[in-house]
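Presented below is the structure to which this report refers.
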Amino acid sequence: MTHDRWDMAEFKERVDDVLRVFVAREAERFAAVDPVLDPVAGQLESSAAHGKRLRAAFCYWGWRATGQPDDESLVRAAASMELVHAAAVVHDDLIDDSPLRHGLPTAHMALRGAARGRPRSVSAGRSLAMLVGDLLMGLAGQLFATSGLPAAYLARARPLWSALARDLIAGECLEILRTGAPPDTADSLKVIRYKTAKYTVEQPLLIGGALAGAGERVRSGYSAYGLPLGEAFQLRDDLLGLFGSPQDTGKAATDDLRGNRPTALLAETWRVADDGERRQLRALLGRGDPGPDGLRAARELMLRLDAPGRVEKMITERVEEALTALDALSLSTPATTALTTLAHSVAVRGA
Numbered sequence: 001m002t003h004d005r006w007d008m009a010e011f012k013e014r015v016d017d018v019l020r021v022f023v024a025r026e027a028e029r030f031a032a033v034d035p036v037l038d039p040v041a042g043q044l045e046s047s048a049a050h051g052k053r054l055r056a057a058f059c060y061w062g063w064r065a066t067g068q069p070d071d072e073s074l075v076r077a078a079a080s081m082e083l084v085h086a087a088a089v090v091h092d093d094l095i096d097d098s099p100l101r102h103g104l105p106t107a108h109m110a111l112r113g114a115a116r117g118r119p120r121s122v123s124a125g126r127s128l129a130m131l132v133g134d135l136l137m138g139l140a141g142q143l144f145a146t147s148g149l150p151a152a153y154l155a156r157a158r159p160l161w162s163a164l165a166r167d168l169i170a171g172e173c174l175e176i177l178r179t180g181a182p183p184d185t186a187d188s189l190k191v192i193r194y195k196t197a198k199y200t201v202e203q204p205l206l207i208g209g210a211l212a213g214a215g216e217r218v219r220s221g222y223s224a225y226g227l228p229l230g231e232a233f234q235l236r237d238d239l240l241g242l243f244g245s246p247q248d249t250g251k252a253a254t255d256d257l258r259g260n261r262p263t264a265l266l267a268e269t270w271r272v273a274d275d276g277e278r279r280q281l282r283a284l285l286g287r288g289d290p291g292p293d294g295l296r297a298a299r300e301l302m303l304r305l306d307a308p309g310r311v312e313k314m315i316t317e318r319v320e321e322a323l324t325a326l327d328a329l330s331l332s333t334p335a336t337t338a339l340t341t342l343a344h345s346v347a348v349r350g351a
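Residue numbers are given in full-length UniProt numbering: position 228 of the sequence shown equals residue 228, and the series is strictly consecutive.
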């Protein structure tokens with residue numbers, strides 16, 4: 001089969017196949033230690049089974065855009081980006097105490113059952129989830145290192161893995177430390193940049209480029225395209241999180257309100273709210289589940305103040321910035337087409 005005409009659905013299947021086989025084998029080895037580990041091994045597989053595989057796609061096109069051909073070893077290396085994402089999701093859901101992801105119980109909720117009947121089963125479930133996330137991150141490095149690409153290629157990209165982990169954890173720490181602080185749009189955008197934008201778009205592109213031996217001009221272009229696009233991705237996610245349907249997003253619509261998370265949507269609402277509206281907002285934030293009435297009140301307030309409209313404008317500006325940077329790179333037609341399609345898919349999506 002040839003892959004001259006790239007198709008995202010076909011690519012996703014290829015990545016899914018790599019992950020299914022690799023994670024199943026590692027889960028089997030893990031469970032072989034003791035039968036009591038079976039539920040944890042099952043959660044390991046479940047956590048890796050979901051996702052649009054966007055991070056793998058950006059890594060793939062970071063490679064292909066330099067003129068390199070389609071390569072199964074590269075697809076394996078790109079698939080490792082999805083295990084980084086799976087690890088980040090498990091940890092993020094744990095930190096935020098989110099109940100749902102992809103319409104299913106999150107790892108820490110699912111693993112309570114593994115500890116049922118034991119002392120402090122809730123705490124044990126959280127601890128098991130933390131360890132599942134840690135193991136997924138370790139497996140990401142293992143899959144990358146054993147992808148089959150030449151050692152010299154892997155060595156070029158290895159320093160970027162440290163940067164990826166550092167920035168991702170820095171962003172998560174920023175979100176934790178700024179949760180509950182007075183909402184500020186600049187602070188929220190910094191959280192977005194480090195927690196999501198870099199590891200979702202920019203760093204997978206850079207890793208793919210490093211594997212291919214991309215020069216400085218291309219690497220700079222990847223960053224100029226990837227950072228604003230990654231920010232647009234998370235801004236869209238924040239809008240969908242509050243205004244989307246849980247049936248479509250697979251997540252609880254009240255998560256951001258319940259956690260009083262420092263989103264740009266909340267910051268933009270706060271910025272233009274008067275004293276009375278800020279009191280109303282305070283009453284809805286971080287005080288347990290606001291329920292349907294609280295969610296409706298928050299949505300009405302945000303819409304009245306046009307906060308979603310301003311966030312939509314931020315998304316549009318960032319997508320335009322990314323596409324301008326892409327145009328300046330003057331890549332091949334297939335690469336430009338694929339990266340343009342990906343840009344629209346991450347920023348203009350329904351869930």
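From the three backbone atoms N, C-alpha and C, an ideal C-beta is built for every residue, glycine too.
Remember, predicted model here, so these are calculated numbers, not experimental data.
TODO: Note the first and the last residue of the continuous alpha helix (DSSP H) segment covering residue 86.
DONE: As a first step, residue 86 is located in the sequence shown; it is residue number 86 there, counting from the start. Taken as a continuous stretch (DSSP letters only), the alpha helix (DSSP H) holding residue 86 covers 72 to 96.
Task: Coil, strand or helix - residue 101 by DSSP - done: Translated into the one-based positions of the sequence shown, residue 101 becomes position 101. Residue 101 falls in the strand class under three-state DSSP.
TODO: Would you list, in sequence order, the uninterrupted alpha helix (DSSP H) runs of no fewer than 4 residues that lie entirely inside the stretch 15 to 68?
DONE: 38 to 48 and 54 to 64
Task: Inter-residue spacing [alpha-carbon to alpha-carbon] between residue 16 and residue 282 - done: Counting from one through the sequence shown, the residue named residue 16 turns up at place 16. Counting from one through the sequence shown, the residue named residue 282 turns up at place 282. Going from the Cα of residue 16 to the Cα of residue 282 covers about 43 Å.
- [ ] Would you mind sorting residue 198 into buried or exposed? The rule is 16 or more other CB atoms within 10 Å of its CB.
- [x] Within the sequence shown, numbered from 1, the residue matching residue 198 stands at position 198. Buried.
- [ ] Determine, using beta-carbon pairs with one atom in the stretch 303 to 320 and one in the stretch 264 to 277, whether at least three such pairs fall under 8 Å.
- [x] yes
TODO: Drop a sphere of 10 angstroms on the beta-carbon of residue 204, count the other beta-carbons inside from all chains shown, and report buried for 16 or more, exposed for fewer.
DONE: Within the sequence shown, numbered from 1, the residue matching residue 204 stands at position 204. Result: buried.
Task: Counted within 10 angstroms of its Cβ, other Cβ atoms place residue 350 as buried (16 or more) or exposed - done: As a working note, residue 350 is residue 350 in the sequence shown. Unreliable positioning characterises residue 350 in this predicted model, as indicated by a pLDDT of 47, which lies under 50. A coordinate reading is not provided.
- [ ] Could you tell me whether the Cβ atoms of residue 178 and residue 262 are closer together than 9 Å?
- [x] On the sequence shown, residue 178 is found 178 positions in, with the first residue counted as 1. On the sequence shown, residue 262 is found 262 positions in, with the first residue counted as 1. The answer is yes: Cβ separation under 9 Å.
Open item on the list: For residue 260, which residues in the same chain have their Cβ closer than 7 Å to its Cβ, ignoring the five residues on either side in sequence?
Closed with: Looking up residue 260 in the sequence shown gives position 260. Around residue 260: 179, 180, 285 and 286.
TODO: Would you mind giving the Cβ-Cβ distance between residue 58 and residue 41, rounded to the nearest angstrom? I have them listed as a contact below 8 Å.
DONE: Taking the sequence shown and counting its residues from 1, the one referred to as residue 58 is at position 58. Taking the sequence shown and counting its residues from 1, the one referred to as residue 41 is at position 41. At roughly 29 Å, the Cβ-Cβ gap does not stay under 8 Å, so residue 58 and residue 41 are not in contact.
- [ ] With a 10 Å radius around its C-beta and 16 neighbouring C-beta atoms as the bar for buried, classify residue 327 as buried or exposed.
- [x] Within the sequence shown, numbered from 1, the residue matching residue 327 stands at position 327. With fewer than 16 other Cβ atoms within 10 Å, it is exposed.
Task: Rounded straight-line distance, which links the Cα of residue 221 to that of residue 122 - done: Reading the sequence shown from its first residue, position 122 is the one you call residue 122. Reading the sequence shown from its first residue, position 221 is the one you call residue 221. Taking the straight line joining both Cα atoms gives about 46 Å.
Task: Spatial neighbours of residue 132 in its chain, beta-carbon cut-off 8 Å, leaving aside the 5 residues before and after - done: In the sequence shown, the residue the question calls residue 132 occupies position 132. The residues are 40, 43, 44, 47, 90, 107 and 111.
Open item on the list: Quick check: the Cα distance between residue 233 and residue 244, rounded to an integer number of angstroms?
Closed with: Translated into the one-based positions of the sequence shown, residue 233 becomes position 233. Translated into the one-based positions of the sequence shown, residue 244 becomes position 244. Straight-line Cα distance between these residues: approximately 15 Å.
- [ ] Give the range of the alpha helix (DSSP H) segment to which residue 346 is assigned.
- [x] Taking the sequence shown and counting its residues from 1, one reaches residue 346 at position 346. That run of the alpha helix (DSSP H) goes 333 to 347.
- [ ] Assign residue 269 to one of three DSSP states: helix, strand, or coil.
- [x] As a first step, residue 269 must be located in the sequence shown, where it is residue number 269. Residue 269 falls in the helix class under three-state DSSP.
TODO: Starting from residue 153, trace the alpha helix (DSSP H) both ways and give me its first and last residue.
DONE: Your numbering for residue 153 matches position 153 in the sequence shown. Unbroken alpha helix (DSSP H) run through residue 153: 151 to 178.
- [ ] Identify which residue in 343, 345 and 335 has its Cα closest to the Cα of residue 6.
- [x] Mapped onto the sequence shown, residue 6 falls at position 6. When only C-alpha atoms are compared, the closest one is 335.
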